[in-house]
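In this note's numbering, the protein residues as written are 26 to 109.
We put the beta carbon where it would ideally sit given N, CA and C, even for glycine.
These notes are about the structure you will find just below.
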């Protein structure tokens, strides 16, 4: 939360994914749109991808590729740490 990210849109979602890298992803499940930043790994399920959180307390989630609306690889991020 509060990070600034630089990203590059992925146009070829079938062959343009670098597995294990962090992505900005927009997807739709049951009419609900989600936008998140996750690591993408190969799924054991056919035509799916596995979304993995940086936080180990969140379980990985498999989603069908057909639900992806937009995908962008994270090229850089800036985090501000402030003392209050």
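What does the Cβ neighbour count give for residue 31, buried or exposed, with the cut at 16 atoms within 10 Å? The count along the chain shown starts at 1 and reaches residue 31 at position 6. When all chains shown are included, residue 31 counts as exposed.
Can you list, in chain order, the stretches of the beta strand (DSSP E) that have 3 or more residues and sit fully within the region 47-92? 47-54, 57-67, 73-77, 86-89
Output needed for residue 97: all residues of its chain with C-beta closer than 7 angstroms, excluding positions within five of it in sequence on either side, in chain order. Stepping through the chain shown from its first residue, residue 97 is reached at position 72. Around residue 97: 32, 33, 34, 35, 48, 49.
Could you pull out every residue in the same chain whose Cβ sits closer than 6 angstroms to the Cβ of residue 28, ignoring the five residues on either side in sequence? For the purposes of this step, residue 28 is taken as the residue at position 3 of the chain shown. Answer for residue 28: 102, 104, listed in chain order.
Return the residue from the list 88, 106, 108 that minimises the CA-CA distance to residue 63. Position 38 of the chain shown, counted from the first residue, corresponds to residue 63. For the residues 88, 106, 108, the minimum Cα distance to residue 63 belongs to 88.
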